[in-house]
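Asker: Residue numbering for the sequence shown follows the working numbering, starting at 1388 and increasing by one per position. There's a structure below that I have some questions on.
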Amino acid sequence: MLFVFFNGLFLTGYIAEAKSNGWVTRQVVKTDSVAEKMLLYQRANGGWPQYKGNATDYRKKITVAQKAQLLIDKTLPDATIDDKSTTYEINYLVKAHAQTRNPEYLKAAEKGINYLLQAQYPNGGWSQSYPDTSSYHKHITFNDGAMTDALGVLKSTAEKIDGYSAVDKKIAAKAKTAVAKGVQCILKAQYYQNGVLTAWGAQHHYKTLQPTSARKFELASLSSSESVAVLEFLMSIPNPSPEIKQAVRAAVAWLDKVKITGITTQRITDATQPTGREVKVLENPQAVSWARFYELETNKPIFTGRDGIKRYTLAEIENERRVGYSWYNTRPAKLLSTDYPAWVKKWEK
């Protein structure tokens, strides 16, 4: 085993031998400790799972018993793009390959990209999980940037940037087609409210492309945070078409329309609550924020507990859901104040 300090990373390595015409060639193959763990977690279909509903923490050591179990679990149908699973690993492996030239990392990244290509619906969308599309997992998922993260990987593959130039050109050609289909899906899914083009929901029905529900506290609605992720992707496309420009303008107008002024939230410790925590909504004349979810028909902010009943104030839902979910955010602020004006200056004539 070798130890190498390379480009700011502490890498390990091994000696690979190849025999040809009686000659033995030895070559140092560098390894990255995180990338090596990713190879273990990768499923046979090319994707990666979550660990108990959360992104895998690759900083943790893997025991001999865990390694044996991961090898057994290779064929499980639990790969997902939720919470950056699969897309994070692909991006990391591409960079690890650029730094180490370890062919196994490129091979695993290409297998992951092929997984994304295989998981794409004919209409251009992605379900949260594949091949397990049970329950709400089958719906096209913008929640937590799932679909836009997948499109980001494929866009980098198609454009051969950020280390993706090493990816097989046949895969890159397929990625270019997949991105075009994904963009069309986004444009078709953008919600018309009383004839006015607005934004996107966290989930859209896998057939109708209309906003739909997921978990009981995630009702069909328009989502501010998820719409920002979609806009960031659309605004990254060079030479945007008139359709993309229209979509961006409409969604930005909607975000500006539904902003909430005069309140802010504060998380506090509160021993009187079941969770020991609380979220307070406070008056603040200078504050600007957005609700995570807006009612489809009225643009009213909505809040839902585990009973699935729509309510219009945060205080009406149970404490566990008040503190266990992000009901307000400020993510659109930078897009409206900085990113969108720069995009307009660059692309609008």
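Each residue gets a CB set at the ideal place from its N, CA and C atoms; glycine is no exception. Quantities reported herein were computed from a predicted structural model and do not represent experimental measurements.
1. Would you say leucine 1541 and alanine 1560 are within 7 Å of each other, going by their C-beta atoms?
2. Of the residues Pro1625, Arg1602, Glu1707 and Pro1719, which one's Cα is nearest the Cα of glycine 1695?
3. On the CB-based measure, 16 or more other CB atoms within 10 Å of its CB, does proline 1627 come out buried or exposed?
4. Taking a contact to mean a Cβ-Cβ separation below 7 Å, would you say valine 1668 touches leucine 1701 in this structure?
5. Ignore the nearest five residues each way along the sequence and tell me which others in proline 1719's own chain have a CB closer than 6 Å to its CB.
6. Considering only the alpha carbon of each residue, which of Ala1431, Asn1489 and Leu1426 lies closest to threonine 1418?
7. Rounded to the nearest angstrom, what separates alanine 1545 and alanine 1495 at their Cα positions?
8. I believe threonine 1528 touches leucine 1606 by the beta-carbon criterion, under 8 Å. Please report the beta-carbon distance rounded to the nearest angstrom.
9. Can you tell me which of the three DSSP states glycine 1539 falls into?
10. Let me make sure I understand the geometry here. Which of Asn1432, Lys1697, Trp1714 and Leu1596 has the alpha-carbon closest to that of valine 1666?
11. Report the option in Trp1435, Lys1736, Ile1459 and Asn1686 whose CA atom is closest to the CA atom of isoleucine 1468.
12. Which of the three DSSP states is assigned to alanine 1638 in this structure?
13. If you drop the 5 nearest sequence neighbours on each side, which residues of the same chain put their C-beta closer than 7 Å to that of threonine 1725?
14. In angstroms, rounded to a whole number, what distance separates the CA positions of arginine 1664 and lysine 1687?
15. Can you list, in chain order, the residues of its chain whose CB lies under 8 Å from that of histidine 1526, leaving out five sequence neighbours each side?
16. Taking aspartate 1465 as the reference, give the member of Ala1729, Gly1569 and Ala1506 with the closest Cα.
17. Let's see if you can read the secondary structure: which residues bound the beta strand (DSSP E) around alanine 1674?
18. Can you tell me whether asparagine 1626 is helix, strand or coil according to DSSP?
Answerer: Here's the rundown:
1. In this structure, leucine 1541 lies away from alanine 1560, with their beta-carbon atoms at least 7 Å apart.
2. Arg1602
3. buried
4. yes
5. The residues Ser1611, Val1615, Leu1642 and Trp1677, in chain order, have a CB closer than 6 Å to that of proline 1719 in the same chain once the five nearest residues on each side in sequence are set aside.
6. A check of alpha carbon separations from threonine 1418 across Ala1431, Asn1489 and Leu1426 identifies Asn1489 as the nearest.
7. 17 Å
8. Rounded, the Cβ-Cβ distance is 15 Å, inconsistent with contact.
9. helix
10. Trp1714
11. Trp1435
12. Reduced to three states, the DSSP call for alanine 1638 is helix.
13. None.
14. 26 Å
15. Ser1514, Gln1515, Gln1590, His1591, His1592, Tyr1593, Thr1599 and Ala1601
16. Ala1506
17. 1664–1678
18. Reduced to three states, the DSSP call for asparagine 1626 is coil.
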